[in-house]
Every structure is written in C-alpha cells, then in structure tokens.
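J.: Top to bottom, those sequences are chains A and B. 2 is the number of the first residue of the first sequence in my numbering; add one for each residue after it. 324 is the number of the first residue of the second sequence in my numbering; add one for each residue after it.
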Amino acid sequence: KAGVTQTPRYLIKTRGQQVTLSCSPISGHRSVSWYQQTPGQGLQFLFEYFSETQRNKGNFPGRFSGRQFSNSRSEMNVSTLELGDSALYLCASISGTGGARTEAFFGQGTRLTVV
Amino acid sequence: AQSVAQPEDQVNVAEGNPLTVKCTYSVSGNPYLFWYVQYPNRGLQFLLKYITGDNLVKGSYGFEAEFNKSQTSFHLKKPSALVSDSALYFCAVRDGTGGYQKVTFGTGTKLQVIP
Numbered sequence: 002k003a004g005v006t007q008t009p010r011y012l013i014k015t016r017g018q019q020v021t022l023s024c025s026p027i028s029g030h031r032s033v034s035w036y037q038q039t040p041g042q043g044l045q046f047l048f049e050y051f052s053e054t055q056r057n058k059g060n061f062p063g064r065f066s067g068r069q070f071s072n073s074r075s076e077m078n079v080s081t082l083e084l085g086d087s088a089l090y091l092c093a094s095i096s097g098t099g100g101a102r103t104e105a106f107f108g109q110g111t112r113l114t115v116v
Numbered sequence: 324a325q326s327v328a329q330p331e332d333q334v335n336v337a338e339g340n341p342l343t344v345k346c347t348y349s350v351s352g353n354p355y356l357f358w359y360v361q362y363p364n365r366g367l368q369f370l371l372k373y374i375t376g377d378n379l380v381k382g383s384y385g386f387e388a389e390f391n392k393s394q395t396s397f398h399l400k401k402p403s404a405l406v407s408d409s410a411l412y413f414c415a416v417r418d419g420t421g422g423y424q425k426v427t428f429g430t431g432t433k434l435q436v437i438p
C-alpha cells in the first residue's frame with residue numbers, strides 16, 4: 002500500500018511569508034503527527050490530529066497551525082516566516098488509536114528554507 | 324511528562340565490530356519504546372519496538388534492543404556493524420497507560436561505521 006506522502010519536498014520562502022505543507026497519510030490511518038527537525042533541536046513535536054481534531058500540541062508559537070480534513074489528509078501552516086523556521090518538517094501517519102498496535106510511519110519530509 | 328535521553332551525539336565503530344547506541348527514558352506509566360533510523364534527506368524508518376513481553380526485541384536489518392526496566396534503558400545493538408548502518412538513530416517513548424499519549428523522541432545519535 003502507498004506510504005506517507007508529503008508535498009512539496011523542497012521549499013524556499015522569504016522571511017515574513019507564509020507557507021502551507023501537506024501530508025497524505027497511509028490509507029486507513031486516522032491520525033497524523035507533525036514534527037520539526039533541526040540540527041540543533043532534534044525532533045520537536047508540533048501537533049497531532051485525529052479524526053479532524055487536534056489531540057496534542059507541542060510548544061510552538063501560534064504562527065504554527067494545522068488542520069486535518071475528513072479524508073485524513075493534513076496540512077500545516079506557518080505564518081510570518083522567520084529564519085529559524087528553516088527545518089525539515091516530518092509528518093507521521095499513525096496506525097491504531099493509542100493501544101499497543103499504534104505505530105508511526107514517517108514521510109520523507111518537506112525541507113523548508115527561509116531566506 | 325515523558326522524556327528520552329540519548330547521551331551520545333555520535334558513536335564510531337569499526338566495520339564488523341558490535342555496536343551499541345544508548346537510550347534511557349522516563350515515563351510515569353508503561354513505556355512503549357521505539358527505535359527509528361534516518362538516512363540523509365529521508366524520513367524516519369521504523370526499526371523495532373518494545374511494548375511488552377521479552378526484554379530482548381529483534382528488529383529490521385539485524386538490529387535488536389534490550390529493555391531494562393530497572394535502569395530505564397532501551398539500548399540498540401547489533402552484533403556486527405556494516406558501513407551501510409551509518410545513519411542517524413532516534414529512540415522514542417510513549418506512555419502506554421491511560422489513553423493516547425504523544426511520542427517523544429530523543430535528540431538522535433549519529434552512528435559512523437568505519438571501513
């Protein structure tokens with residue numbers, strides 16, 4: 002079956018602009034998590050959506066937002082971009098609903114560069 | 324709150340030698356533990372997980388990990404390292420008690436296998 006699809010793969014934006022990243026989870030998965038990966042901070046949890054509802058949120062400013070659609074596809078948006086937002090943004094498609102069978106399957110990520 | 328520590332930023336090992344990548348964790352409930360590997364410019368790939376049962380867990384590509392409850396550790400091991408094992412390794416934990424909890428990742432350990 003198809004894996005996790007993140008688009009676009011690479012993006013260059015200017016400070017102050019906004020950006021929207023997309024993630025299509027594995028068919029049948031209802032939960033999606035987003036992570037920011039930078040060399041200095043490692044993997045930082047952004048938020049998680051389950052059935053169109055935000056279930057968990059990390060410690061990021063309000064410029065970072067997300068949503069999930071009825072088909073489980075998710076988008077994350079970053080407004081008023083800053084240089085420090087340059088990172089690899091990873092989406093994880095989560096199987097199960099929190100029990101022992103729950104696993105995270107990652108997409109290849111979107112590399113965002115803010116100039 | 325749950326947390327993961329990977330005390331080594333980098334581990335160097337000669338090809339053919341055994342390797343160990345260390346991970347310790349902290350959760351208030353039952354730990355669900357995971358190891359992921361990341362190759363350059365790629366997303367994270369699942370290696371193995373511990374949910375319950377045998378303390379020694381076997382995973383992909385000949386990797387295994389040992390769960391030690393008293394030391395709250397989940398070290399990743401391989402009997403004989405390959406150059407192709409060179410990558411970034413992440414340990415992760417989720418509290419398996421009391422409903423859904425997000426996954427927390429360590430900061431990653433870069434494994435360098437020297438020919």
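Quick reminder that beta carbons are idealized off the backbone N, C-alpha and C, glycines included.
Hey, does L91/A have any beta-carbon neighbour from chain B nearer than 7 Å?
T.: In the first sequence, counting from the first residue as 1, residue 91/A sits at position 90. It does: the Cβ of L91/A has a partner Cβ on chain B nearer than 7 Å.
J.: Going by DSSP in three states, S326/B sits in which element: helix, strand or coil?
T.: Position 3 of the second sequence, counted from the start, is the residue given in the question as residue 326/B. Note: S326/B maps to strand in three-state DSSP.
J.: Under 9 Å, CB to CB, which of the residues in the segment 354 to 371 of chain B have a partner in chain A?
T.: Hits within the stretch, in order: Y355, F357, Y359, Q361, N364, R365, G366, L367, Q368, F369.
J.: Find the residues of chain B that neighbour Q109/A, judging by a C-beta separation of less than 7 Å, and give them in chain order.
T.: Translated into the one-based positions of the first sequence, residue 109/A becomes position 108. Within 7 Å Cβ-Cβ: R365, G366.
J.: Just the Cα atoms here: how many angstroms apart are T39/A and N78/A?
T.: One-based indexing of the first sequence puts residue 39/A at position 38. One-based indexing of the first sequence puts residue 78/A at position 77. So the alpha carbons of these two residues sit roughly 18 Å apart.
J.: May I ask you to report which of helix, strand or coil DSSP gives G4/A?
T.: Along the first sequence, read from residue 1 onward, the residue named residue 4/A stands at position 3. Three-state result, G4/A: coil.
J.: Rank G63/A, F48/A, R64/A by C-alpha distance to the C-alpha of Q57/A and give the top, closest one.
T.: Position 56 of the first sequence, counting from 1, holds the residue named residue 57/A. It should be noted that the sequence gives Asn, not Gln, for residue 57/A. That would be F48/A, whose Cα lies nearest to the Cα of N57/A.
J.: Should the segment 406 to 413 of chain B be called in touch with the segment 107 to 116 of chain A, which here means at least 3 C-beta pairs below 8 Å?
T.: Too few Cβ pairs lie closer than 8 Å, so no.
J.: Taking 6 Å as the cut-off, is the beta-carbon of I374/B closer than that to any non-hydrogen atom of the ligand GDP?
T.: As far as ligands go, the structure on display features none, and thus does not contain the ligand GDP.
J.: Measure from the alpha carbon of A388/B to the alpha carbon of each residue in F357/B, N364/B, V416/B, R365/B, then state which is nearest.
T.: On the second sequence, residue 388/B is found 65 positions in, with the first residue counted as 1. Comparing Cα-Cα distances from A388/B to each of F357/B, N364/B, V416/B, R365/B, the minimum goes to F357/B.
J.: Do we get a CB-CB distance below 7 Å when we pair V327/B with the residues of chain A?
T.: To locate residue 327/B, count along the second sequence from 1; it is residue 4. Judged by the 7 Å Cβ criterion, V327/B is not in contact with chain A.
J.: Check whether chain B comes within 7 Å of A105/A, counting only Cβ atoms and requiring the distance to be less than that.
T.: As a first step, residue 105/A is located in the first sequence; it is residue number 104 there, counting from the start. For A105/A, the answer is yes, since a Cβ of chain B falls inside 7 Å of its Cβ.
J.: Just the C-alpha distance for Y359/B and K400/B, rounded to the nearest angstrom, thanks.
T.: Position 36 of the second sequence, counted from the first residue, corresponds to residue 359/B. Position 77 of the second sequence, counted from the first residue, corresponds to residue 400/B. About 13 Å.
J.: Select from L367/B, N378/B, V344/B the residue whose C-alpha is nearest the C-alpha of V336/B.
T.: Counting from 1 along the second sequence, the entry for residue 336/B is found at position 13. Minimum Cα distance to V336/B is reached at V344/B.
J.: By DSSP, does G67/A sit in helix, in strand, or in coil?
T.: Counted from its first residue, the first sequence places residue 67/A at position 66. Three-state DSSP puts G67/A in a strand.
J.: Within the 7 Å Cβ cut-off, does G43/A reach chain B?
T.: Here residue 43/A is taken as the residue at index 42 of the first sequence, counted from 1. Taking Cβ atoms only, chain B reaches closer than 7 Å to G43/A, which makes this a yes.
J.: For R16/A, I'd like the list of residues in its chain whose CB is within less than 8 Å of its CB, leaving aside the five on either flank, ordered along the chain.
T.: In the first sequence, the residue the question calls residue 16/A occupies position 15. So the list reads L82, E83, L84, V115, V116, once near-sequence residues are dropped.
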